[in-house]
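Worksheet for the structure shown next.
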Amino acid sequence: MTMPRPSVPDVGVTREAAAAVDGALTLLVVGEIAVSTHDLAATGAIVLGRAPTCDVVIDEATVSRIHATLHLGPAMELEDAGSANGTRIRDAAAAPGIRLPLAVDEPFALGSVTLIVQRRATAARPRRVWSHGYFEGRLEDECARAARFGQAFALVHVAFERTPHTDVVRGAMTSVLRAADVFAVYGPGEYEVLLAATGRVEAEVLVTRIHAALVDRGARPQLGVAHYPGDGRGPDVLVGIARERVRGGKTGERREIVLRSDRMREIYEVLGRIAGGDISVLLLGETGVGKEIVAEAVHRLSPRAARPFLRLNCAALSETLLESELFGHEKGSFTGATFTKLGLLETAAGGTVVLDEIGELPMSAQVKLLRVLEERQVLRVGGLTPGTIDVRFVAATNRDLEAEIQRGAFREDLFYRLNGFSVSIPPLRERVTEIEPLARYFVAEFCRRNARYPEPEISAVALECLVRYRWPGNIRELRNLIERAVLLCTGDAITPHHLPLDTLEAASAPRGEPTAPIRGPRPTDAIAPVPASAPDERARITAALEHCGGNQTRAAIMLGISRRTLVKRLDAYGLVRPRKSRPDTSAPGDDDPEPG
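All the letters of the sequence shown, read from the start, carry residue numbers 196 to 791 under this note's numbering.
Below, the structure written as structure tokens:
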């Protein structure tokens with residue numbers, strides 16, 4: 196995943212850059228594998244690269260052996276050494292051999308690795324307060340890195356009974372946090388902190404120090420902490436738990452549930468009755484209808500609400516590593532297994548495991564999962580004795596599993612094990628009464644995240660367009676459309692001018708058509724620009740990529756699937772993955788760079 200980088204003004208050599216002569220600087224390196232800091236000398240040339248002979252060794256695939264040189268002194272400068280994947284500063288590619296001015300706290304990139312020259316924690320300069328958007332990107336990266344290397348970290352949410360001045364909070368954080376930690380504003384009067392690569396005990400010490408530093412400055416803070424992986428493995432879950440604990444709760448923050456249609460009220464009434472047991476639940480519905488929110492409701496209403504809630508995307512798990520990830524492995528069980536690793540199912544002990552996109556699970560993995568469901572035991576790779584697990588399984592899919600069984604793509608016995616109780620979630624076009632409250636909720640959410648007040652209203656004409664639209668991408672499409680409208684709207688009201696053209700055209704389509712059955716990879720139906728005559732998924736994917744100019748992240752959003760799933764399907768159909776043609780203007784999240 197490419198970490199979003201904050202925008203930095205195009206500046207030349209500044210007094211901050213000249214401060215490098217005092218030697219009170221460190222280099223923060225944020226890579227795919229690890230986060231590290233390195234003290235810098237007052238002057239001299241610092242060679243950056245993957246080779247062991249470099250002054251700062253960055254063992255990342257996209258970093259060349261000799262990648263770049265950081266020149267320290269009265270004028271701090273950065274020079275690319277002819278790297279394979281390039282050096283970027285101020286969103287521009289650096290030409291090899293040309294020195295470019297670099298300021299303190301100004302991020303630059305070597306391949307996919309982000310680096311920042313910062314003042315040491317002992318310096319008097321206040322710590323930088325990042326935006327919530329930047330924090331979200333860092334949190335996603337930290338989750339991915341921790342899952343891959345078995346690390347732990349903590350997330351802290353800070354709120355106040357009476358909001359102190361920003362300088363008070365910044366001063367407290369400056370005195371406590373380390374260089375690799377991330378401090379950001381969550382919303383008015385609320386802050387968030389990422390304690391990178393931090394175990395539970397160390398995190399408790401740091402949280403105690405944060406609280407004491409704030410109290411010493413006259414603030415009255417309320418802190419909530421969520422630990423990875425004990426409290427959860429997803430960014431949204433961790434943020435929700437930390438915020439709920441600020442208010443003295445025990446579980447993750449409750450997501451907005453809009454129940455205006457009779458069918459959804461019936462569903463939640465039934466869920467309330469079956470949540471108390473351990474029966475497996477199978478959630479059926481088109482992509483984007485809110486299956487994950489329903490799964491969270493099952494967990495929250497159950498006696499397991501205080502235990503972990505683990506969501507596994509079956510389509511994103513590599514078939515070769517799936518067994519090791521789900522069941523864990525013993526030390527020495529295969530090449531590279533240098534330590535014993537708990538499987539994901541073991542980490543969710545006592546909680547709920549959501550098997551999202553279960554219809555995408557390979558047949559070989561289905562056999563192993565069936566054994567777990569029947570015996571409630573897991574055997575680590577290389578292990579001799581199986582261990583017992585206590586989890587509840589909730590499966591979700593947008594496929595017609597009975598049709599998949601008929602064509603031999605899904606095991607019938609696994610289907611009956613998962614289908615203890617099935618819930619068919621209707622698409623948004625059949626829940627018209629929920630469109631308006633959902634749209635208003637998303638407006639409020641995006642305004643809060645971007646600290647925008649007052650919130651714009653949704654005009655009557657724009658609301659009519661939303662109500663009449665067919666919503667092939669369901670709630671996920673509505674969420675994306677509202678976010679776009681909020682960003683485009685600079686006035687007091689969202690009008691049709693802020694809605695995409697295809698939505699306006701589709702708004703006049705006749706209603707009351709029968710709902711199409713759930714067949715095949717339904718996420719492809721969410722592609723607005725694809726002609727109706729497109730014969731198969733391969734054509735839809737090709738059309739989406741063409742419409743997005745080869746940007747795989749945007750194409751995946753249009754398809755309603757993850758970028759990783761899109762890449763897997765490109766490989767399956769033999770489609771060539773697009774490459775960036777102009778690296779300096781490509782959007783974040785485009786194709787991954789080639790290893791150096």
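Here a beta-carbon is modelled for each residue, glycine too, at the ideal position from N, C-alpha and C.
Could you compute how far the alpha carbon of Val434 sits from the alpha carbon of Leu633?
Here residue 434 is taken as the residue at index 239 of the sequence shown, counted from 1. Here residue 633 is taken as the residue at index 438 of the sequence shown, counted from 1. Leu633 has its alpha-carbon roughly 21 Å from the corresponding atom of Val434.
Return helix, strand or coil for Gly707, following the three-state DSSP convention.
On the sequence shown, residue 707 is found 512 positions in, with the first residue counted as 1. Residue confidence is low: Gly707 scores 39 on pLDDT, short of 50, so the model does not pin down where it sits. Its coordinate-derived value is still stated next. Residue state, collapsed to three classes: coil.
Which residues does DSSP pair with His266 in a beta bridge?
The residue labelled residue 266 in the question sits at position 71 within the sequence shown. DSSP, once it has assigned bridges, lists Ala240, Glu272 as partnering His266.
What does the Cβ neighbour count give for Pro291, buried or exposed, with the cut at 16 atoms within 10 Å?
Numbered from its first residue, the sequence shown carries residue 291 at position 96. A residue is called buried once 16 or more other Cβ atoms fall within 10 Å of its Cβ, and Pro291, having fewer, is exposed.
Could you check if Ser307 is buried or exposed, using at least 16 other CB atoms within 10 Å of its CB as the buried criterion?
For the purposes of this step, residue 307 is taken as residue 112 along the sequence shown, with counting starting at 1. It counts as buried.
So Ala421 packs on Ala341, CB below 8 Å; how close in whole Å?
Translated into positions along the sequence shown, residue 421 becomes position 226. Translated into positions along the sequence shown, residue 341 becomes position 146. That pair is no contact at about 13 Å.
Among Phe504, Pro498, Gly384, nearest to Ala543 - alpha-carbon criterion:
Counted from its first residue, the sequence shown places residue 543 at position 348. Closest by alpha carbon: Phe504.
Among Leu682, Leu574, Val567, which one has its Cα closest to the Cα of Arg612?
As a first step, residue 612 must be located in the sequence shown, where it is residue number 417. Arg612 has its Cα closest to that of Val567, out of Leu682, Leu574, Val567.
Would you call Gln601 buried or exposed, if buried means 16 or more other Cβ atoms sit within 10 Å of its Cβ?
As a first step, residue 601 must be located in the sequence shown, where it is residue number 406. With fewer than 16 neighbouring CB atoms inside 10 Å of its own CB, Gln601 falls in the exposed class.
Please name the residue in Ile436, Arg428, Asp687 whose C-alpha comes closest to that of Ala548.
Against the sequence shown, residue 548 aligns to sequence position 353. Checking the sequence shown, residue 548 turns out to be Val, not Ala. Selected option, being the one with the closest Cα: Arg428.
If you scan the region 316-379 from start to end, which runs of the beta strand (DSSP E) of 3 or more residues do you find wholly inside it?
Segments of the beta strand (DSSP E) lying fully in the region 316-379: 348-355.
On the DSSP bridge assignment, give the partners of Leu222 in chain order.
Indexing the sequence shown from 1 puts residue 222 at position 27. Answer is His233, Val312.
Counting Cβ pairs closer than 8 Å, one from the region 374-390 and one from the region 457-470, do we hit at least three?
Because the criterion of three Cβ pairs below 8 Å is not met, the region 374-390 and the region 457-470 do not touch.
For Ile284, name the three-state secondary structure that DSSP assigns.
Position 89 of the sequence shown holds residue 284. Strand, per DSSP.
Please classify Glu597: does DSSP put it in a helix, a strand, or coil?
In the sequence shown, the residue the question calls residue 597 occupies position 402. The DSSP-derived three-state label of Glu597 is helix.
Reducing DSSP to helix, strand and coil, say where Ser619 ends up.
Position 424 of the sequence shown, counted from the first residue, corresponds to residue 619. In this structure, Ser619 counts as strand in the three-state DSSP scheme.
Please check the pair Leu477 and Ser617, which I expect to be a contact at CB under 8 Å, by giving their CB distance rounded to whole angstroms.
Translated into the one-based positions of the sequence shown, residue 477 becomes position 282. Translated into the one-based positions of the sequence shown, residue 617 becomes position 422. The pair is a contact, with the Cβ atoms about 4 Å apart (cut-off 8 Å).
How would you label Met558, buried or exposed, when you count the other beta carbons within 10 angstroms and need 16 or more for buried?
Start at 1 with the first residue of the sequence shown, and residue 558 comes out as number 363. Met558 should be labelled exposed.
Close Cβ partners of Gly382 (< 8 Å) along its chain, the five nearest in sequence each way excluded:
Here residue 382 is taken as the residue at index 187 of the sequence shown, counted from 1. Here the set comprises His327, Arg643, Arg644, Ala646.
Express the C-alpha separation of Glu255 and Pro302 in angstroms, rounding to a whole number.
In the sequence shown, counting from the first residue as 1, residue 302 sits at position 107. In the sequence shown, counting from the first residue as 1, residue 255 sits at position 60. CA-to-CA, the gap between Pro302 and Glu255 works out to about 17 Å.
Proximity of Pro649 and Ala688 at Cβ, strictly below 7 Å:
Counting from one through the sequence shown, the residue named residue 649 turns up at place 454. Counting from one through the sequence shown, the residue named residue 688 turns up at place 493. Their beta carbons are not under 7 Å apart, which means Pro649 does not touch Ala688 by this criterion.
Val351 beta carbon less than 7 Å from that of Val388
For the purposes of this step, residue 388 is identified with residue 193 of the sequence shown, where counting begins at 1. For the purposes of this step, residue 351 is identified with residue 156 of the sequence shown, where counting begins at 1. Yes. Within cutoff.
Could you pull out every unbroken alpha helix (DSSP H) segment of at least 4 residues lying fully inside the region 402-475, listed in chain order?
Correct list: 430-441, 457-469.
Below 8 Å on the Cβ atoms is my contact criterion, and I expect Leu521 with Leu540 to pass it. Report the Cβ-Cβ distance as a whole number of Å.
Counting from 1 along the sequence shown, the entry for residue 521 is found at position 326. Counting from 1 along the sequence shown, the entry for residue 540 is found at position 345. Correct: roughly 6 Å between the Cβ atoms.
Count the CB pairs spanning the region 390-398 and the region 354-367 that are closer than 8 Å, and state whether there are at least three.
In the pairwise beta carbon analysis, the region 390-398 is classified as not touching the region 354-367: fewer than three pairs are separated by under 8 Å.
Can you give the Cα-Cα distance for Pro773 and Arg499, rounded to whole angstroms?
For the purposes of this step, residue 773 is identified with residue 578 of the sequence shown, where counting begins at 1. For the purposes of this step, residue 499 is identified with residue 304 of the sequence shown, where counting begins at 1. Here the alpha carbons of Arg499 and Pro773 stand approximately 45 Å from one another.
In terms of residue numbering, what span does the alpha helix (DSSP H) encompassing Pro632 cover?
For this step, residue 632 is matched to residue 437 along the sequence shown. For Pro632, the enclosing alpha helix (DSSP H) covers residues 630-644.
Can you name the start and end residues of the beta strand (DSSP E) that Glu387 belongs to?
For the purposes of this step, residue 387 is taken as residue 192 along the sequence shown, with counting starting at 1. Looking at the DSSP string, the run of the beta strand (DSSP E) that includes Glu387 is 385-390.
Hey, Pro667 and Arg679 are a contact pair by Cβ (cut 8 Å); roughly how many whole angstroms apart?
Taking the first residue of the sequence shown as 1, we reach residue 667 at position 472. Taking the first residue of the sequence shown as 1, we reach residue 679 at position 484. Contact between Pro667 and Arg679 is absent: CB atoms are separated by about 16 Å, not below the 8 Å threshold.
Count the other C-beta atoms from every protein chain shown that fall within 10 angstroms of the C-beta of Lys526, then say buried if there are 16 or more, exposed otherwise.
The count along the sequence shown starts at 1 and reaches residue 526 at position 331. Exposed, because fewer than 16 other Cβ atoms sit within 10 Å of the Cβ of Lys526.
Do Ala289 and Asp275 have their CB atoms nearer than 7 Å?
Here residue 289 refers to the residue found at position 94 when the sequence shown is read from its first residue. Here residue 275 refers to the residue found at position 80 when the sequence shown is read from its first residue. Taking a C-beta distance under 7 Å as the contact criterion, Ala289 and Asp275 qualify as a contact pair.
So, with DSSP's three-state summary, where would you put Glu301?
The residue labelled residue 301 in the question sits at position 106 within the sequence shown. Looking at Glu301 - three-state DSSP - the assignment turns out to be coil, as it is neither helix nor strand.
Reducing DSSP to helix, strand and coil, say where Asp766 ends up.
Position 571 of the sequence shown, counted from the first residue, corresponds to residue 766. Helix, per DSSP.
Are the beta-carbon atoms of Arg458 and Pro621 separated by less than 7 Å?
Taking the sequence shown and counting its residues from 1, the one referred to as residue 458 is at position 263. Taking the sequence shown and counting its residues from 1, the one referred to as residue 621 is at position 426. Yes. Within cutoff.
Alpha carbon of Arg587 to alpha carbon of Arg502, nearest angstrom:
Within the sequence shown, residue 587 is the residue found at index 392, counting from 1. Within the sequence shown, residue 502 is the residue found at index 307, counting from 1. Pairing Arg587 with Arg502, the inter-Cα distance amounts to about 11 Å.
Going along the chain, which residues of its own chain have a beta-carbon closer than 7 Å to the beta-carbon of Leu390, five neighbours each way excluded?
Start at 1 with the first residue of the sequence shown, and residue 390 comes out as number 195. Around Leu390: Phe348, Ala349, Val351, Asp376, Ala398, Leu401.
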